[in-house]
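See below for the structure under consideration.
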Amino acid sequence: MSAVQQETTVTANPTADAESRATRLMKRRSRVRFYEIVIWLAAIAAYFVLPSKMLILTEIAILALFAVSLDLVLGFAGIVSLGHTAFFGFGAYIAGLLALHFIAEPVIGLIVAGILSGVLGLLTSFLILRGSDLTRLMTTLGIGLMMAELANQMAWLTGGADGLSGFSLNPVLGLFEFDLFGKTGYLYCLAVLFIGTMIMRRIAFSPFGLSLKAIKGNPMRAAMIAVPARKRIVTAYTIAAVFAGMAGALLAQTTSFVSPDVLAFHRSADVLLVLVIGGTGYLYGGIFGAVLFTLVKDWLSVVTPQYWMFYIGLILVVLVLIGRDRLARWIEYLPERFSKSKEEGR
Amino acid sequence: MLTILFDGVAYGMLLFILACGLTVTLGLMNFINLAHGAFAMAGGYVTVIMMNRYGISFYWCLPAAFLVSALIGLVLERTLYQWLYQAPHLDQVLFSIGIVFMAIAATDYFMGGQQQLINLPPELSGRMDVFGVGVGRYRLFTIVVCALLAVALQFILSKTRFGSRLRAAVDDRRVAMGLGINVPLVFALTFAFGSGLAGLGGAMGAEILGLDPNFPLKFMIYFLIVVSVGGTSTVSGPFLAALLLGIADVAGKYYVPAIGPFVIYALMIVMLIVRPNGLFARGGR
Amino acid sequence: MSDIVLETRNLKRYFGAFLATNDVSLKVERGARHALIGPNGAGKTTLINLLTGVLPPSEGQVFLEGEDITSMASFRRVKRGLTRTFQINQLFSEFTPLETVALAIAEREGVGHNLWRSIAGYGKVVDEAATLLARFGLASVMAERTVILPYGKQRLLEIALAFASKPRVLLLDEPAAGVPEDERHEVLSIVSDLPADVTVLLIEHDMDLVFSFANRISVLVAGALFTEGTVAEISADPRVKAVYLGENA
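Residue numbers (this note's numbering), protein chains in the order written: chain E, 859 to 1204; chain R, 26 to 310; chain X, -19 to 229.
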């Protein structure tokens, strides 16, 4: 095997050399990137710098968590979902109902909503295992619509078209009261987003996260290195449902209102757009995308309150035609990535 | 009972005409066009405008709806869709959702958000009695027209020169091009034809399905069920799937109004469990 | 009695009306270096696909170490020691070779489901991946994206990946295809260095390679098993020559 090994026999002990390099590279994979620190610092700074913008910042944080959860399904496992809002809306209703009838402690409500959404995700995940992209589109869309129809029909529980209102929440952990300006609300959502992102970050760099990308990249090969694709997809889908449900719960808790709109199709489409704007498969795309999307949508709804949907549609079309890969690649030009590719290119 | 069945058949036939264009774009060009309903909506609004504003006969509106939708389809295919045939499904989904959003907002802007009503010609309205079964005249008309179209479609695809070119272009694009078949032209015509059929379905369905700017979204799930349950390799698959869906939906809403809206989802889930590769998929892969 | 590791009984596979695998009953002994040869279109790759569960057979059964695995999912077969390489590279284009091989080792070790620990935390997995990559001459490119590697390197990665699963039965589908002439024997010598109890089933067109590597040869023609024997028997068999000459002349 000498010829094949030639290039590595320059050093005294090629194997040990390769091992130490591999260890270094693997550690480097999960290292904290520069832009991560920047984004979290910016989010905290926004609290002090933009005291009048708490509501939109809260909206961004919630949408970001929702989008990051979808990234696990779309960017990692490669499943295009048209009904991710089923879990968002379900979580919102659970949180609303809990606050209305049982317990007004937000953190407990958040956790319960997350768990129940996860159960819903687990149950429905078995339906997306089968068939092609097309059947998955049908299934995810169908589940989303079914949840919306359920909320509509069970008006005695959900308030039907009027939604759920008339509940208020206790201070977070009994310490921080929700204020009129939404300052507590923002910090609460930001904290949940941070914890959620950190958890999903760990997942992304685990063998599990890598195996999801393998399933997305080449399912046949993934099977031939013994990746149990179905089990992994079920797990990923369930985790994504947990965090989507939590995002919904945050919306219910910070606005003290659940409208049937939380289950509307356009939310599933919006969150796809968010992720596509920010880029898929590295989690922070959801956060970058949420910032951009919310700003654009906010601006559009001022300029053209009734027809902003047209421009969202236009953005989608233009984005695809230009090539979303090309747009999403901007992240590679951030300084940290640059230094990384230099080292690895050697 | 038979009346329900009859209404269900009419509904299913309409769904077939609406969805069969999607079957073609999907099966032949591997393009997931979620905006298919927008072409149907265009046909519906063409009819509404022609009838209600200009008083043109309903019978003239149907071919006009077909032509206008087909033309829109042709233009969009040449300018936009054709660039995305090789794109990942995610791109196609995003793109076509974008088209849907634009169509909804634009329709809302020009026509308003309300339900549109059309006045059918007198000979098509009302019911008549056939062997003791109450039969809606318009529904009978729908069934006859759609059945004729389905037969014509089957004939075109299997027996004509264009049909064989289409199948060749789908089987192997490069070989078909080598044989001197103008593949882009075949695709464009097919796309236009499918859009035209959707427009015709939208025009005929305005009375039965209703028509408002949210039409493309409302019926997206129906179209998806028809093509994924019926498969894309035949005409008869989607046809039977559409009939089944139509009958189940009508019967469900009539007999169990409380859970009627869920019948189609139940059907979808049962199908997924029993026949994940479609109702009429051939064995194996 | 010999020890049969892999066996098919009356295996058939139709594609439409075309019979790609025609009643194949094949037995492979433990530790064999078994070659599967035959003219183009004889159904060799289809047979491998049936053995590994990439395709379901129309009729017949597959046994691995006496156990019926006919309807077992591919990944379970790999877990039981049945691994393959593909004739056309099947790799993860966005992964680095290090990530690719490390994942395969992690799955073999049963830690692939762990979603809390970073892969870097599995020192043994990373070390083994590095060693394996070095052995296949891939150490220098371990951090490149697979898609930009030259074809020969990708081919080596394809084979290294099968090794990462530590197979007990290894199915090689034209492993030397696309590998430069002078490296072909290197590739097969790495395969030959496998422990004696690892069984290898090799599909190959290069007869020199087959004759130097295999100790048993099965000939597949038009989907059916044509003949089987030792290297000496097959190389002396005029009918085999006729089949090949008829095809390749």
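C-beta: ideal position from N, C-alpha, C; glycine also.
**Request:** Within 10 angstroms of the Cβ of X/LEU35, are there 16 or more other Cβ atoms? Answer buried if so, exposed if not.
**Result:** On the third sequence, residue 35 of chain X is found 55 positions in, with the first residue counted as 1. Flag for X/LEU35 reads buried.
**Prompt:** Is DSSP giving X/HIS93 helix, strand or coil here?
**Reply:** Here residue 93 of chain X refers to the residue found at position 113 when the third sequence is read from its first residue. In the structure shown, X/HIS93 sits in coil (DSSP, three-state: anything other than H, G, I, E or B).
**Request:** Could you check the C-alpha separation between E/GLN1011 and R/MET153 for me, to the nearest Å?
**Result:** The residue you call residue 1011 of chain E lines up with position 153 of the first sequence. The residue you call residue 153 of chain R lines up with position 128 of the second sequence. The alpha-carbon atoms of E/GLN1011 and R/MET153 are separated by roughly 35 Å.
**Request:** Determine contact between the region 118 to 125 of chain R and the region 252 to 271 of chain R, defined as no fewer than three beta-carbon pairs at a distance below 8 Å.
**Result:** no
**Prompt:** So R/ALA67 and R/GLY224 are in contact, right, with Cβ under 8 Å, and what is the actual spacing, rounded?
**Reply:** What you label residue 67 of chain R is simply residue 42 of the second sequence in a count that begins at 1. What you label residue 224 of chain R is simply residue 199 of the second sequence in a count that begins at 1. 6 Å between Cβ atoms; contact.
**Request:** Using a cut-off of 9 Å between C-beta atoms, extract the partners of X/SER145 located in chain E.
**Result:** What you label residue 145 of chain X is simply residue 165 of the third sequence in a count that begins at 1. Within chain E, the residues near X/SER145 are MET1082, ILE1083 and ALA1084.
**chain E contact for R/MET66 (CB, 7 Å cutoff)** = Taking the first residue of the second sequence as 1, we reach residue 66 of chain R at position 41. At least 7 Å separates the CB of R/MET66 from every CB of chain E.
**Request:** Figure out for me which residue from R/LEU182, R/MET293 and R/PHE187 has the closest Cα to the Cα of R/TYR247.
**Result:** Translated into the one-based positions of the second sequence, residue 247 of chain R becomes position 222. If we check each option's Cα against that of R/TYR247, R/MET293 comes out closest.
**Spatial neighbours of E/LEU915 in its chain, beta-carbon cut-off 6 Å, leaving aside the 5 residues before and after** = What you label residue 915 of chain E is simply residue 57 of the first sequence in a count that begins at 1. Correct list, in chain order: ALA904 and TYR1044.
**Asked** Among the residues of its own chain, which have a CB less than 6 Å from the CB of X/GLU108, if the five just before and after it don't count?
**Response** As a position in the third sequence, residue 108 of chain X is number 128, starting the count at 1. Cβ neighbours of X/GLU108 beyond the five flanking positions: ILE85.
**Asked** Nearest to R/PRO238 by alpha carbon, out of E/MET1167, E/PRO1065 and E/PRO872?
**Response** In the second sequence, the residue the question calls residue 238 of chain R occupies position 213. For the residues E/MET1167, E/PRO1065 and E/PRO872, the minimum Cα distance to R/PRO238 belongs to E/MET1167.
**Prompt:** How is X/HIS14 classed by DSSP in three states: helix, strand or coil?
**Reply:** For this step, residue 14 of chain X is matched to residue 34 along the third sequence. Residue state, collapsed to three classes: strand.
**chain R within 7 Å of E/VAL931, Cβ atoms only** = Within the first sequence, residue 931 of chain E is the residue found at index 73, counting from 1. So, not an interface residue.
**Asked** Of all the options X/VAL223, X/TYR224, X/PHE193 and X/ALA222, which has the alpha carbon lying nearest to the alpha carbon of X/THR210?
**Response** Indexing the third sequence from 1 puts residue 210 of chain X at position 230. Looking at the Cα atoms, X/PHE193 is the closest of the given residues.
**N-terminal and C-terminal residue of the alpha helix (DSSP H) that X/PHE(-2) is part of** = Residue mapping note: residue -2 of chain X aligns to position 18 of the third sequence, counting from 1. Counting along the chain, X/PHE(-2) falls outside any alpha helix (DSSP H), though it belongs to the beta strand (DSSP E) covering -2 to 4.
**Asked** E/LEU1177: which of R/VAL299, R/TYR279, R/GLY138 and R/ALA112 sits nearest, CA to CA?
**Response** Here residue 1177 of chain E is taken as the residue at index 319 of the first sequence, counted from 1. With distances taken between Cα atoms, E/LEU1177 lies closest to R/ALA112.
**Message:** So with CB distances below 8 Å, who are the chain X contacts of E/LEU1141?
**Reply:** By one-based count along the first sequence, residue 1141 of chain E stands at place 283. Correct list: empty, because the minimum Cβ distance to chain X is about 14 Å.
**Asked** Do you know how far the Cα of E/THR997 is from the Cα of R/PHE287?
**Response** Against the second sequence, residue 287 of chain R aligns to sequence position 262. Against the first sequence, residue 997 of chain E aligns to sequence position 139. Their Cα atoms are separated by approximately 13 Å.
**Asked** Can you pull the DSSP bridge partners for X/GLN41?
**Response** In the third sequence, residue 41 of chain X corresponds to position 61, counting from 1. In DSSP, X/GLN41 forms a bridge with X/ARG(-11).
**Request:** Could you confirm whether any beta carbon from chain E is found closer than 7 Å to the beta carbon of R/PRO263?
**Result:** In the second sequence, the residue the question calls residue 263 of chain R occupies position 238. Chain E, which has no Cβ nearer than 7 Å to the Cβ of R/PRO263, makes this no.
**Request:** Could you work out which residues of chain X lie near E/ILE937, taking near to mean beta carbons separated by less than 9 Å?
**Result:** Translated into positions along the first sequence, residue 937 of chain E becomes position 79. Those within 9 Å of E/ILE937 in chain X number zero; the least Cβ separation is about 17 Å.
**Asked** Are the C-beta of E/SER983 and some C-beta of chain X separated by less than 7 Å?
**Response** Locating residue 983 of chain E in the first sequence gives position 125, counting from the first residue. No, E/SER983 lies away from the interface with chain X (no Cβ there is under 7 Å from its Cβ).
**Request:** Could you check what DSSP says for E/GLY1103 in three-state terms: helix, strand or coil?
**Result:** Within the first sequence, numbered from 1, the residue matching residue 1103 of chain E stands at position 245. Correct three-state label for E/GLY1103: helix.
**As assigned by DSSP and simplified to three states, the class of X/MET122** = On the third sequence, position 142 is the one that residue 122 of chain X refers to. In this structure, X/MET122 counts as coil in the three-state DSSP scheme.
**Asked** Apart from the five residues on each side of it in sequence, which residues of its chain come closer than 8 Å, Cβ to Cβ, to X/ASP48?
**Response** Looking up residue 48 of chain X in the third sequence gives position 68. GLN41 and VAL42.
**Prompt:** Using 8 Å as the threshold, is the region 1089 to 1102 of chain E in touch with the region 1063 to 1072 of chain E, meaning 3 or more CB pairs across them?
**Reply:** yes
**Request:** Quick one: residues in its chain with C-beta nearer than 8 Å to the C-beta of X/ASP173, no 5 flanking neighbours on either side, listed in chain order?
**Result:** To locate residue 173 of chain X, count along the third sequence from 1; it is residue 193. Around X/ASP173: no qualifying Cβ.
**Prompt:** Closer than 7 Å, CB to CB, is X/LEU83 near chain E or not?
**Reply:** Taking the first residue of the third sequence as position 1, residue 83 of chain X is located at position 103. Judged by the 7 Å Cβ criterion, X/LEU83 is in contact with chain E.
**Item:** Given R/ILE143 as reference, the closest of R/SER258, R/ASN77, R/TYR290 and R/ILE129 once Cα atoms are compared
**Value:** Translated into the one-based positions of the second sequence, residue 143 of chain R becomes position 118. The residue with the shortest Cα to Cα distance from R/ILE143 is R/ASN77.
**Request:** List the residues of chain X whose Cβ lies closer than 8 Å to the Cβ of E/THR1042, in chain order.
**Result:** What you label residue 1042 of chain E is simply residue 184 of the first sequence in a count that begins at 1. The premise fails here: E/THR1042 is roughly 31 Å from chain X at the closest Cβ pair, so nothing lies under 8 Å.
**Message:** If the criterion is Cβ atoms closer than 7 Å, does the pair R/GLY98 and R/PHE244 meet it?
**Reply:** Locating residue 98 of chain R in the second sequence gives position 73, where the first residue counts as 1. Locating residue 244 of chain R in the second sequence gives position 219, where the first residue counts as 1. Cβ atoms of R/GLY98 and R/PHE244: not closer than 7 Å.
**Minimum Cβ-Cβ distance from X/THR126 to chain E less than 7 Å** = As a first step, residue 126 of chain X must be located in the third sequence, where it is residue number 146. By this cut-off, X/THR126 is not an interface position.
**chain R contact residues for E/VAL1175, given Cβ-Cβ distances below 8 Å** = The residue labelled residue 1175 of chain E in the question sits at position 317 within the first sequence. Those within 8 Å of E/VAL1175 in chain R are LEU105, PHE120, GLY123, ILE124 and MET127.
**Asked** Does DSSP classify X/LYS146 as helix, strand or coil?
**Response** Here residue 146 of chain X corresponds to residue number 166 of the third sequence, with the count starting at 1. Note: X/LYS146 maps to coil in three-state DSSP.
**Asked** Mind checking if X/THR207 is an interface residue toward chain E, Cβ cutoff 7 Å exclusive?
**Response** The count along the third sequence starts at 1 and reaches residue 207 of chain X at position 227. Output row for X/THR207: interface = no.
**Message:** Among the candidates E/ILE1170, E/ILE986 and E/PHE1146, whose CA atom is the shortest distance from the CA of E/TRP1157?
**Reply:** By one-based count along the first sequence, residue 1157 of chain E stands at place 299. Minimum Cα distance to E/TRP1157 is reached at E/ILE1170.
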